[in-house]
Amino acid sequence: MIALSFFSLLWKAIYLAIFVTTLYALVEAVRTPAQAFPAMDKQTKGLWVGILGVGALLSLGAVFDFFSFFTILALIASLIFLLDVRPAVRGIGRRGDGPYGPW
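13 is the number that the working numbering gives to position 13 of the sequence shown; each next residue is one higher, with no gaps.
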């Protein structure tokens, strides 16, 4: 009985970590300028925000014991965004302040 509750809490912690990761990826996608995505030959901003928004909802549902099977899809989408798309589009649309600030 104790082991069952331990593993239940462990899975909830994993689902919560996936939700936080997906939510962070969603916020980063919203903050990125729309022109940065096609400039770096990536999918559009609307598509990424939609995919990550659905992923955030699915992973939030997994925290409350719904849609737990689809949480792996949310994790895959957020990791693709964070590890491939975000580094490519990070520098587009920002000012070139230089190494010491905006002088």
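We put the CB at the ideal spot given by N, CA and C, even for glycine.
N- and C-terminal bounds of the alpha helix (DSSP H) containing residue i
{"i": "K45", "result": "45 to 63"}
{"i": "T33", "result": "Before going further, note that residue 33 is Pro rather than Thr in the sequence given. First-last for P33: undefined, no H or E at that position."}
{"i": "R86", "result": "86 to 89"}
{"i": "S78", "result": "71 to 80"}
Cβ separation of residue i and residue j, assumed to be a contact under 8 angstroms, to the nearest whole Å
{"i": "A36", "j": "V89", "result": "4 angstroms"}
{"i": "F39", "j": "I92", "result": "According to the sequence provided, residue 39 is Ala. The question's Phe does not apply to it. A39 to I92, Cβ: 5 angstroms. Contact."}
{"i": "K45", "j": "A34", "result": "4 angstroms"}
{"i": "F74", "j": "I18", "result": "Correcting the residue type first, residue 74 is Ala in the shown sequence and not Phe. That belief holds up - the Cβ atoms of A74 and I18 are roughly 6 angstroms apart, short of 8 angstroms."}
Query raised in the report: Would the region 44 to 58 and the region 77 to 84 be scored as touching if the rule is three or more Cβ pairs under 8 angstroms?
Result: yes
Point to revise | Cβ contact check for the region 23 to 40 and the region 4 to 12: 3 or more pairs under 8 angstroms | key: no
- Message: Three Cβ pairs or more, each shorter than 8 angstroms: is that satisfied between the region 56 to 73 and the region 84 to 93?
- Response: no
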